[in-house]
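A.B. asks:
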Amino acid sequence: MENGHHFLVNQSILYRNTQKYFDKILSKFDIGAGQLIYIIAINENEGVTMQEVSRLLEMDKGTTTKSIQRLIEQGYVEMRIDEKDRRIKHLHMTEKSGQMINEIYGYRNDYRMTLAKDMDFETFAEALEQVTDNSRRLLVDEDRYQGIRIGRLDKLSFADYPGKAAAVVYMGGCNFKCPYCRYRDLVFMPENYATVSPKEVLGFLEKRKGLLDAVCISGGEPLLQEGLAEFMDEIKDLGYEIKLDTNGYDPEKLQTLLETGLVDCAALDVKNTALRYAETIGMQANAFRYDNIVRSIAILQQSGITYELKTTVVREYHTLEQLKELAECLKDKGHWVLQQFIPGDSNILPGLTAYTPEEMKEMYAVVRQIKPDTELRGIDE
Ligand code: SF4
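Counted the way the numbering used here counts, the sequence shown spans residues 61 to 441.
#1: Have a look at Lys296 and Asp178 and give me their C-alpha separation to the nearest angstrom.
#2: Can you give me the Cβ contacts of Ile359 inside the same chain, cut-off strictly under 6 Å, excluding the 5 residues immediately before and after it?
#3: Report the residue from Ile365, Lys393, Tyr309, Asp329 whose alpha carbon sits nearest the alpha carbon of Asn352.
#4: Please classify Thr372: is it buried, with 16 or more other beta-carbons within 10 angstroms of its beta-carbon, or exposed?
#5: From the DSSP output, in three-state form, read off Cys389 for me.
#6: Ends of the beta strand (DSSP E) at Ser157?
#7: Can you have a look at Met420 and say buried or exposed, based on whether 16 or more other CB atoms are within 10 angstroms of its CB?
#8: Distance, Cα to Cα, Cys276 vs Ala226?
#9: Considering only DSSP beta bridges, list what Val228 is partnered with.
#10: The beta strand (DSSP E) with Thr372 in it runs from where to where?
#11: Taking Tyr221 as the reference, which of Gln382, Ala274, Ile208, Tyr81 has the closest Cα?
#12: What is the C-beta distance between Val247 and Gly263, in whole angstroms, given that I count them as a contact (C-beta under 8 Å)?
#13: Which residues in the same chain as Leu116 place their Cβ atom closer than 6 Å to its Cβ, once the five residues preceding and following it in sequence are excluded?
#14: Between Gln190 and Leu131, which are expected to be in contact by the criterion C-beta below 8 Å, what is the C-beta distance as a whole number of angstroms?
#15: Taking the runs of the alpha helix (DSSP H) that are 4 residues or longer, which of them lie wholly in the stretch 76-106?
#16: Using a 10 Å radius around the Cβ and a threshold of 16 neighbouring Cβ atoms, would you call Arg209 buried or exposed?
#17: Tell me whether the stretch 384-404 and the stretch 324-340 touch, counting them as touching only if at least three CB pairs, one residue from each stretch, are closer than 8 Å.
#18: Within the stretch 377-430, note down every full alpha helix (DSSP H) run reaching 4 residues or more, in order along the chain.
#19: By how many angstroms is the C-alpha of Lys144 removed from the C-alpha of Glu301?
#20: Can you tell which of Arg349, Asp293, Ser217, Gln399 has the C-alpha that lies nearest to the C-alpha of Asp324?
#21: Please report the residue range of the beta strand (DSSP E) in which Ala327 lies.
#22: Short of 8 Å in beta carbon distance, which residues of its chain neighbour Gly364, apart from the five on each side in sequence? Order them along the chain.
#23: Please work out which residues of its chain come closer than 8 Å, Cβ to Cβ, to Gly438, disregarding the five sequence neighbours upstream and downstream, and give them in chain order.
#24: First and last residue of the alpha helix (DSSP H) that includes Leu314?
#25: Using the rule of at least 16 other Cβ atoms within 10 Å of the residue's Cβ for burial, across every protein chain shown, is Asn407 buried or exposed?
#26: What is the rounded straight-line gap between the Cα of Asn162 and the Cα of Val113?
#27: DSSP has Leu304 in a bridge; who is on the other side?
#28: Measuring CA to CA, which of Tyr81, Met173, Gly211 is closest to Tyr253?
#29: Using only the heavy atoms of the ligand SF4, determine whether one of them is closer than 7 Å to the beta carbon of Tyr243.
#30: Excluding five sequence neighbours on each side, which residues of the same chain lie with their C-beta closer than 8 Å to the C-beta of Asp83?
#31: From Leu68 to Met119, what does the alpha carbon distance come to, in whole angstroms?
#32: How about Lys431 and Val397: are their beta carbons less than 8 Å apart?
#33: Report whether the distance from the Cβ of Asp329 to the nearest heavy atom of the ligand SF4 is below 7 Å.
#34: Enumerate in chain order the residues of its own chain whose CB-to-CB distance from Ser291 is below 7 Å, with the five nearest sequence positions on each side excluded.
#35: Pop quiz: Gly279 and Tyr240 are said to be a contact at Cβ under 8 Å. What is the actual Cβ separation, rounded to whole angstroms?
#36: Assuming the contact rule is C-beta atoms closer than 8 Å, Lys303 and Ala338 should be a hit. Round their C-beta distance to whole Å, please.
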């Protein structure tokens with residue numbers, strides 16, 4: 061310490077002096093240093109949500125809520141409900157805060173000028189940015205996502221999230237064994253299967269911020285993963301919308317996950333009619349509970365999020381009669397997508413066949429009579 065304080069002490073002194081300076085100078089507005097960054101963030105991002113402010117400032121949600129709540133009570137910030145989605149609340153400056161914001165910027169500039177005295181502040185600010193960036197590594201918990209198994213990452217897709225450029229994260233493992241499944245290795249995860257680490261996925265998403273809009277969490281069956289909500293929370297904090305693809309066999313987990321507000325959009329596979337469901341997912345009829353699927357559909361209906369129901373049509377498992385029965389059954393249950401089966405080397409059961417595009421179109425025309433909000437997808441012309 062003979063040649064001056066070491067870094068930790070200097071950092072602590074700088075932090076405390078900064079707090080004291082702003083506490084003192086802002087006291088006439090009855091706000092403190094802690095609220096300064098929030099008011100600037102809202103002024104420069106009119107209409108942001110609490111969650112976005114948390115992310116921008118890298119603050120925990122509890123602290124953000126408390127600080128912004130105080131600003132609201134003091135009349136500096138106003139919260140307005142989104143006209144289209146009542147769950148979303150936007151933050152705006154008020155006339156009162158508009159009158160003081162220029163003065164606040166003036167104090168901030170004085171602060172910077174004082175700190176910059178007799179030094180190259182630009183270089184220091186750049187170095188500080190780098191040091192701050194490096195400090196994030198201190199918080200990476202290597203074990204946090206131990207329960208997450210990712211079998212594959214598709215870095216760009218325009219087909220998986222309606223109207224969005226999305227990355228697709230394929231979770232490994234499934235509780236079904238649909239014979240027509242395209243991802244045998246993803247379902248059975250052989251010993252030599254090369255997984256992708258969650259950290260790698262988050263690093264990739266961090267780099268693609270602003271270039272991608274959304275992330276699809278697919279599989280396998282994502283709801284089997286331990287720590288899925290925490291993993292999705294990290295993705296959400298990076299600013300992405302999230303779509304969940306599920307086979308709908310665990311309504312409780314689905315409900316719990318939807319209650320976190322992390323899922324913006326979902327797709328649920330409806331494999332077949334009740335009578336042929338177990339066969340279509342490669343399970344014994346006595347080990348399968350059809351009511352789980354029914355409950356998951358009801359949960360999605362009540363959730364208020366955008367969702368679709370999907371059926372992959374395979375010649376060996378679906379007849380026109382069954383599709384008509386399904387159309388009746390799903391009549392008032394939401395948008396239904398029929399997609400063509402794609403035979404390939406990685407199907408769980410080799411040798412299954414697809415209907416021809418013409419046959420698919422003919423069946424589609426019939427079921428649309430029963431359920432008009434049906435869509436035909438993936439037709440190989
Ligand atoms: S198609 Fe069936 S087996 Fe394959 S991932 Fe989906 S639910 Fe699992």
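Beta carbons: idealized from backbone N, C-alpha and C, even for Gly.
C.D. replies: This is what the structure gives:
#1: When rounded, the distance between both Cα atoms is 42 Å.
#2: Correct list, in chain order: Pro311, Leu314, Gln315.
#3: Considering only Ile365, Lys393, Tyr309, Asp329, the residue with the shortest C-alpha distance to Asn352 is Tyr309.
#4: Thr372 should be labelled buried.
#5: Residue state, collapsed to three classes: helix.
#6: Careful: Ser157 lies outside any beta strand (DSSP E), inside the alpha helix (DSSP H) at 155-175.
#7: Buried, by the Cβ-count rule.
#8: When rounded, the distance between both Cα atoms is 7 Å.
#9: Beta-bridge pairing links Val228 to Asp214, Cys276.
#10: In this chain, the beta strand (DSSP E) harbouring Thr372 covers 366-373.
#11: Closest by C-alpha distance to Tyr221, out of Gln382, Ala274, Ile208, Tyr81, is Ala274.
#12: Contact flag wrong, Cβ pair sits at about 26 Å.
#13: Sequence-distant Cβ neighbours of Leu116 in its own chain, meaning closer than 6 Å and more than five residues away, are Ala101.
#14: So it is not a contact: roughly 31 Å between Cβ atoms.
#15: Counting only runs of 4 or more, we get 93-104.
#16: Around the beta carbon of Arg209, 16 or more other beta carbons lie within 10 angstroms, which makes this residue buried.
#17: These segments touch.
#18: Listed in chain order, the complete alpha helix (DSSP H) runs (minimum 4 residues) inside the stretch 377-430 are 380-389, 417-430.
#19: One Cα belongs to Glu301, the other to Lys144, and the distance between them is close to 17 Å.
#20: That would be Asp293, whose Cα lies nearest to the Cα of Asp324.
#21: Boundaries of the beta strand (DSSP E) around Ala327: 325-329.
#22: Excluding sequence neighbours, Gly364 sits near Arg147.
#23: Short of 8 Å from the beta carbon of Gly438, and not among the five residues preceding or following it, lie these beta carbons of its own chain, in chain order: Gln399, Gln400, Ile402.
#24: Membership of Leu314 in the alpha helix (DSSP H) is indicated by the continuous run 311-319.
#25: The residue in question, Asn407, is buried, as its Cβ has 16 or more Cβ neighbours within 10 Å.
#26: Each residue's alpha carbon lies about 21 Å from the other.
#27: Within the DSSP bridge table, the entry for Leu304 names Ile277, Ala326 as partners.
#28: Of Tyr81, Met173, Gly211, the residue nearest in Cα terms is Gly211.
#29: Answer for Tyr243: yes, Cβ within range of the ligand SF4.
#30: Contacts found: Gly92, Ala93.
#31: Cα-Cα distance, rounded: 21 Å.
#32: Between Lys431 and Val397, the C-beta spacing is not below 8 Å.
#33: Checking every heavy atom of the ligand SF4 against the Cβ of Asp329, one is found closer than 7 Å.
#34: According to the sequence shown, residue 291 is Phe rather than Ser. Residues Tyr205, Ile208, Pro258 of the same chain have their beta carbon placed closer than 7 Å to that of Phe291, with the five preceding and five following residues left out of the count.
#35: Contact between Gly279 and Tyr240 does not hold, since the beta-carbon distance rounds to 15 Å and is not under 8 Å.
#36: The pair is not a contact, with the Cβ atoms about 27 Å apart (cut-off 8 Å).
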